[in-house]
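Residue 35 in full-length UniProt numbering is what sits at position 35 of the sequence shown, and the numbering runs on without skipping anything.
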Amino acid sequence: MATLLYRIGRFSYRSRRLVGAVWLVVIALAGVAAATLSNSTADSFAIPGTESQEAFDLLQERFPGSSPDGAAARLVFAAPDGGAVTDPEHQQAIAGAVAEIEAGPQVAGVTDPFTSGLVSEDGRIALAEVTYAVDFFSMETETRETLEHAVETAGDSGLRVELAGTAAEPEPELGSELLGIAVAALVLVLTFGSLLAAGMPLLTGVIGVGVGVALVTAATSFVDLSTITPILATMLGLAVGIDYALFIASRYRHELATGRPGDEAAGRAIGTAGTAVVFAGLTVVIALAGLSVVGIPMLTEMGLAAALTVAIAVVIALTLLPALFGFAGRRMLARLPGLRSRATDPEDDDAPRLSRRWAGVVTRHPVVALTASVAGLAVLALPVLDARFGLPDEGTYPADTSQRQAYDLTVEGFGPGFNGPLIVIVDGEGAEAAAAEVAGDLQGFDGVAMVAPPEVDEAGRTAVVTVVPASGPSDADTERLVEAIRAELAGPGAPAGTTVLVTGLTALYIDFSERMSDALLPYLLVVVGLSFVLLMLAFRSLVVPVKATLGFLLTMAATFGAMVAAFQWGWLTGLGVDEVGMINSMLPIIVVGIVFGLAMDYEVFLVTRMREAYVHGEPAVRAVTTGFGHGARVVTAAAIIMISVFGGFVLNEAADIRQLGFALAFAIAIDAFVVRMTMVPAVLALVGDRAWWLPRWLDRLLPNVDIEGARLTDALADQNRQRVAVSPSAP
Numbered sequence: 001m002a003t004l005l006y007r008i009g010r011f012s013y014r015s016r017r018l019v020g021a022v023w024l025v026v027i028a029l030a031g032v033a034a035a036t037l038s039n040s041t042a043d044s045f046a047i048p049g050t051e052s053q054e055a056f057d058l059l060q061e062r063f064p065g066s067s068p069d070g071a072a073a074r075l076v077f078a079a080p081d082g083g084a085v086t087d088p089e090h091q092q093a094i095a096g097a098v099a100e101i102e103a104g105p106q107v108a109g110v111t112d113p114f115t116s117g118l119v120s121e122d123g124r125i126a127l128a129e130v131t132y133a134v135d136f137f138s139m140e141t142e143t144r145e146t147l148e149h150a151v152e153t154a155g156d157s158g159l160r161v162e163l164a165g166t167a168a169e170p171e172p173e174l175g176s177e178l179l180g181i182a183v184a185a186l187v188l189v190l191t192f193g194s195l196l197a198a199g200m201p202l203l204t205g206v207i208g209v210g211v212g213v214a215l216v217t218a219a220t221s222f223v224d225l226s227t228i229t230p231i232l233a234t235m236l237g238l239a240v241g242i243d244y245a246l247f248i249a250s251r252y253r254h255e256l257a258t259g260r261p262g263d264e265a266a267g268r269a270i271g272t273a274g275t276a277v278v279f280a281g282l283t284v285v286i287a288l289a290g291l292s293v294v295g296i297p298m299l300t301e302m303g304l305a306a307a308l309t310v311a312i313a314v315v316i317a318l319t320l321l322p323a324l325f326g327f328a329g330r331r332m333l334a335r336l337p338g339l340r341s342r343a344t345d346p347e348d349d350d351a352p353r354l355s356r357r358w359a360g361v362v363t364r365h366p367v368v369a370l371t372a373s374v375a376g377l378a379v380l381a382l383p384v385l386d387a388r389f390g391l392p393d394e395g396t397y398p399a400d401t402s403q404r405q406a407y408d409l410t411v412e413g414f415g416p417g418f419n420g421p422l423i424v425i426v427d428g429e430g431a432e433a434a435a436a437e438v439a440g441d442l443q444g445f446d447g448v449a450m451v452a453p454p455e456v457d458e459a460g461r462t463a464v465v466t467v468v469p470a471s472g473p474s475d476a477d478t479e480r481l482v483e484a485i486r487a488e489l490a491g492p493g494a495p496a497g498t499t500v501l502v503t504g505l506t507a508l509y510i511d512f513s514e515r516m517s518d519a520l521l522p523y524l525l526v527v528v529g530l531s532f533v534l535l536m537l538a539f540r541s542l543v544v545p546v547k548a549t550l551g552f553l554l555t556m557a558a559t560f561g562a563m564v565a566a567f568q569w570g571w572l573t574g575l576g577v578d579e580v581g582m583i584n585s586m587l588p589i590i591v592v593g594i595v596f597g598l599a600m601d602y603e604v605f606l607v608t609r610m611r612e613a614y615v616h617g618e619p620a621v622r623a624v625t626t627g628f629g630h631g632a633r634v635v636t637a638a639a640i641i642m643i644s645v646f647g648g649f650v651l652n653e654a655a656d657i658r659q660l661g662f663a664l665a666f667a668i669a670i671d672a673f674v675v676r677m678t679m680v681p682a683v684l685a686l687v688g689d690r691a692w693w694l695p696r697w698l699d700r701l702l703p704n705v706d707i708e709g710a711r712l713t714d715a716l717a718d719q720n721r722q723r724v725a726v727s728p729s730a731p
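1) Does the Cβ-Cβ distance between LEU58 and THR478 come in under 8 Å?
2) Quick check on residue 734: does DSSP put it in helix, strand or coil?
3) With 16 other CB atoms within 10 Å as the buried threshold, where does GLY212 fall?
4) Taking all protein chains shown into account, do 16 or more other C-beta atoms lie within 10 angstroms of the C-beta of ASP350, making it buried, or fewer, making it exposed?
5) Quick one: measure Cβ to Cβ for ARG622 and GLY326, integer angstroms, because I've assumed they're closer than 8 Å.
6) Roughly how many whole angstroms lie between the Cα atoms of GLU129 and ALA452?
7) Does the Cβ of TRP692 have 16 or more other Cβ atoms within 10 Å, making it buried, or fewer, making it exposed?
8) Could you tell me whether the region 235-249 touches the region 196-210, using the rule of 3 or more Cβ pairs below 8 Å?
9) Report the start-end ranges of each beta strand (DSSP E) in the UniProt domain "SSD" (195-327) that is 3 residues or longer and not cut off at the edges.
10) Determine contact between the region 309-318 and the region 629-642, defined as no fewer than three beta-carbon pairs at a distance below 8 Å.
11) Return the chain-ordered list of same chain residues with a C-beta closer than 8 Å to the C-beta of VAL85, the five sequence neighbours on each side being excluded.
12) Do PHE662 and ALA558 have their C-beta atoms closer together than 8 Å?
13) Closest by CA to LEU505, which one among ILE423, ALA538, LEU606 and THR555?
14) Using only the alpha-carbon positions, how far apart do LEU18 and ALA323 sit?
15) When you compare the region 518-537 with the region 281-297, are there three or more beta-carbon pairs, one atom per stretch, that lie closer than 8 Å?
16) Starting from the C-beta of VAL110, find all residues in its chain whose C-beta is less than 6 Å away, skip the five residues before and the five after it, and write them out in chain order.
17) Could you tell me whether the region 441-452 touches the region 545-556, where touching means 3 or more Cβ pairs closer than 8 Å?
18) Kindly confirm or deny that the region 532-544 and the region 422-440 touch, where touching means at least three C-beta pairs closer than 8 Å.
19) Less than 7 Å separating the Cβ of ALA245 from some heavy atom of the ligand ADP?
20) Count Cβ pairs between the region 427-442 and the region 386-402 that sit closer than 8 Å; are there 3 or more?
21) Any contact between the region 352-369 and the region 668-676? By contact I mean 3 or more CB pairs, one from each, below 8 Å.
22) Measuring alpha carbon to alpha carbon, tell me which residue in GLY472, ALA439 and VAL448 is nearest ALA456.
23) DSSP on LEU572, reduced to helix/strand/coil?
24) Please state the DSSP three-state secondary structure of PRO492.
25) Between the C-alpha atoms of ALA548 and ALA494, what's the straight-line distance to the nearest angstrom?
26) Going by beta-carbon coordinates alone, are ALA317 and VAL604 separated by less than 8 Å?
27) Taking VAL384 as the reference, give the member of PHE418, ALA496, GLY561 and ALA470 with the closest Cα.
28) For the region 408-416 and the region 482-501, state whether three or more C-beta atom pairs, one from each stretch, are separated by less than 8 Å.
29) Three-state secondary structure (DSSP) at TYR397?
30) Decide if LEU24 is buried, meaning its Cβ has at least 16 other Cβ atoms within 10 Å, or exposed.
31) What residue from HIS149, VAL533 and ALA273 has the CA that sits closest to GLY104's CA?
32) Please confirm if MET516 has its CB atom under 8 Å from at least one CB of chain D.
33) Taking C-alpha atoms, which residue in LEU651, PHE628, PRO619 and SER541 lies nearest to TRP697?
34) For ALA449, which of helix, strand or coil comes out of DSSP?
35) From this set, ILE296, VAL683, ALA257 and SER116, which residue's C-alpha is nearest VAL546's C-alpha?
36) Determine the extent of the beta strand (DSSP E) in which ALA78 is found, giving its start and end residues.
Right under this line is the structure:
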């Protein structure tokens, strides 16, 4: 592989105009495809094979106008102290707001609080429920403006009006996380000491993301994609695109500094660092594509879209980047006054830089370094024993948001269960009588606050019973209530000739969390297993992939321990990280997938240079120090860029986005600086030559991909000897 990539690098450098033109055509075609084929997104929260999803599908079939997956809004009206919503002026304002919304576009139905009885016992709080015929992302601007105007008008009457529900959510967008690009630019300038060299990773990263997201956007014409899909593709594509280009550009500058011609330096950089990039990219692609094993369409599409963008970033790093090297020439070595980039200077290889000093300390005291690292991560992981997973509701929003205030007012006036009612569907012959029987049984369940009268479809075959729990949507008591209803009234316990199903957003979230929990172990086995084979193939070693996998598991344990402390225990509330009370059940698989791929990137980047030094004749421990000195600066820069990009998500209002940003930023920091840059050199120093041992039968079985470029170096040396042998003698 190294030889093939060497040829690709030289060709791209020498044929830079052709390669650049090809990529311009690709960019143009991707842009045209996105502009002409893009379609609206469809954020359907479907979980095939679950009872709640089966019930949702049945509800949509039997009650066509109900739009169970449509957007919804809840208007909570609260009278000022001493007043009541039944006062004539307040009642008139509420009626006006309900009428205005009902007359607006895309509305499926509105419940008037006075006709539906949704007025609190003390008369101070009233609820109006709005359902739309379309999902959140299909709502027209006029629809949103009508809802907002109705809220504003009712508020002018002296009522306090808060808005909740999916229709009240802000549209997902890139915002503060783009600050990571500015941080990335600063880090790259400090790393290279050159604006030109720093600009290339940024340029190729942006191009890769642009092409990838354009293709994902064009794909909406053929498949349903969620709005969050291109956002995740952008986040990961930009991060890995910059990292891969950073690694190759660093090696290219090193080769230039030795005096090699530009095309030769580009070829060697792609043949060595490029090989590492290919394997690093493959681990990320495997981790992301592996999300499809969960069996949830939304996660599958997110993983495949992000994997496509990462694959494009790899191809750009191997082809367009060396072409840009050709345009820049030896100006890549230019430095800004006062900034020095010793990472690429061969004459500084033995300088007592911080990275070499750190590697020297770790390799001289490997037991101490390893013990301290493992103990520290174990302490961070302890809170994970108290972890509680679920899908946060609006009660976890910041206290100053309208959604949170609407949630709290609903609890105050009607109880927590009104924020997440359950829907029990009775389907079959005699559904009306059976539903009445089921409703009577439900009133005897512990944890049920209210059971509404059954609603029957026109054919009399399906009935719906709304159940209000006594506990909130994300409470453990609500989960136990769902399990009890399914155990006693569904299946054999259902009335003769009928099927009883439990659904609603609360039940759907419970089923989702269960599906994620069940899928975590198979996902880990698939991803870790395939990546183990890749690392074994790359490094001809059993120790390296075992060490990499165990280190990753420690990273994950410490990460989720820190999340429990931050979001369940509220230890970081003073720093602006709000307590939520649980960890989003979607996070374990998503964070595992993303962090595993990125952690293996750092593993490959560091260990490749160590393996290269060892193969080229250095003793095992010295090879660790040498390789660490070459790779640590690049890995440090890459990690800081990642932490900056992901850390921006902590500023988001939504609890799940805040948790995702915190988890990714914390995991990258731990994995890069503790696991990869402390534990890796400590373990390799302890095992010595055995780090590169592979059973003979397995060594013969596996193809040699030459990730360290030893065969490439030998082949180039032979070519040089042959040229010298056939050249005419000097006179």
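For glycine and all other residues, C-beta sits at the position ideal for the given N, C-alpha and C.
Checking against the coordinates, here is how it stands:
1) For LEU58 and THR478, no; Cβs fall outside 8 Å.
2) The first residue shown for the chain is 1 and the last is 731, placing residue 734 beyond what the model contains.
3) Classification for GLY212: buried.
4) The predicted model places ASP350 with a pLDDT of 39, which falls under 50 and marks its position as unreliable; any figure quoted below should be read in that light. Exposure of ASP350 is indicated by the presence of fewer than 16 other C-beta atoms within 10 angstroms of its C-beta.
5) Contact doesn't hold; Cβ gap of about 35 Å is too wide.
6) Note on geometry: alpha-carbon atoms of GLU129 and ALA452 lie some 15 Å from one another.
7) When all chains shown are included, TRP692 counts as buried.
8) Contact between the region 235-249 and the region 196-210 is present, with at least three C-beta pairs closer than 8 Å.
9) You should have found no qualifying run.
10) The region 629-642 and the region 309-318 do not touch, with fewer than three beta-carbon pairs separated by less than 8 Å.
11) Closer than 8 Å at Cβ, skipping near neighbours: PHE77, ALA78, ALA79, GLN91, ILE94, PRO113, VAL119, GLY123, ARG124, ILE125, ALA126 and LEU159.
12) Not closer than 8 Å, so no.
13) Out of ILE423, ALA538, LEU606 and THR555, ILE423 has the C-alpha closest to the C-alpha of LEU505.
14) Those two C-alpha atoms are separated by around 9 Å.
15) Yes: the two stretches touch, three or more of their Cβ pairs being nearer than 8 Å.
16) Excluding residues within five positions, the ones whose Cβ falls inside 6 Å are VAL98, ILE101, GLU102 and VAL130.
17) Flag = no, the region 441-452 and the region 545-556 do not touch.
18) As far as the Cβ criterion goes, the region 532-544 does not touch the region 422-440, which means the pair count is below three.
19) The ligand content of the structure shown is nil, which means the ligand ADP is not present either.
20) As far as the Cβ criterion goes, the region 427-442 does not touch the region 386-402, which means the pair count is below three.
21) In this structure the region 352-369 does not lie against the region 668-676, because fewer than three pairs of beta carbons, one per stretch, are closer than 8 Å.
22) Contrary to the premise, residue 456 reads as Val rather than Ala in this sequence. The residue with the shortest Cα to Cα distance from VAL456 is ALA439.
23) Three-state result, LEU572: coil.
24) Looking at PRO492 - three-state DSSP - the assignment turns out to be helix.
25) Taking the straight line from one Cα to the other gives about 51 Å.
26) In this structure, ALA317 sits away from VAL604, with a CB-CB distance that is not shorter than 8 Å.
27) Checked all of PHE418, ALA496, GLY561 and ALA470; the closest Cα to VAL384 is GLY561.
28) Short answer: they don't touch.
29) Secondary structure at TYR397: coil, using DSSP grouped into helix, strand and coil.
30) It is exposed - the Cβ of LEU24 has fewer than 16 other Cβ atoms within 10 Å.
31) Shortest Cα-Cα distance from GLY104 to any of HIS149, VAL533 and ALA273 involves HIS149.
32) In the structure shown, chain D does not exist; there is a single protein chain.
33) Ranking the options by Cα distance to TRP697, first place goes to SER541.
34) ALA449 falls in the strand class under three-state DSSP.
35) Closest option to VAL546, Cα to Cα, is VAL683.
36) Segment 72-78, the beta strand (DSSP E) holding ALA78.
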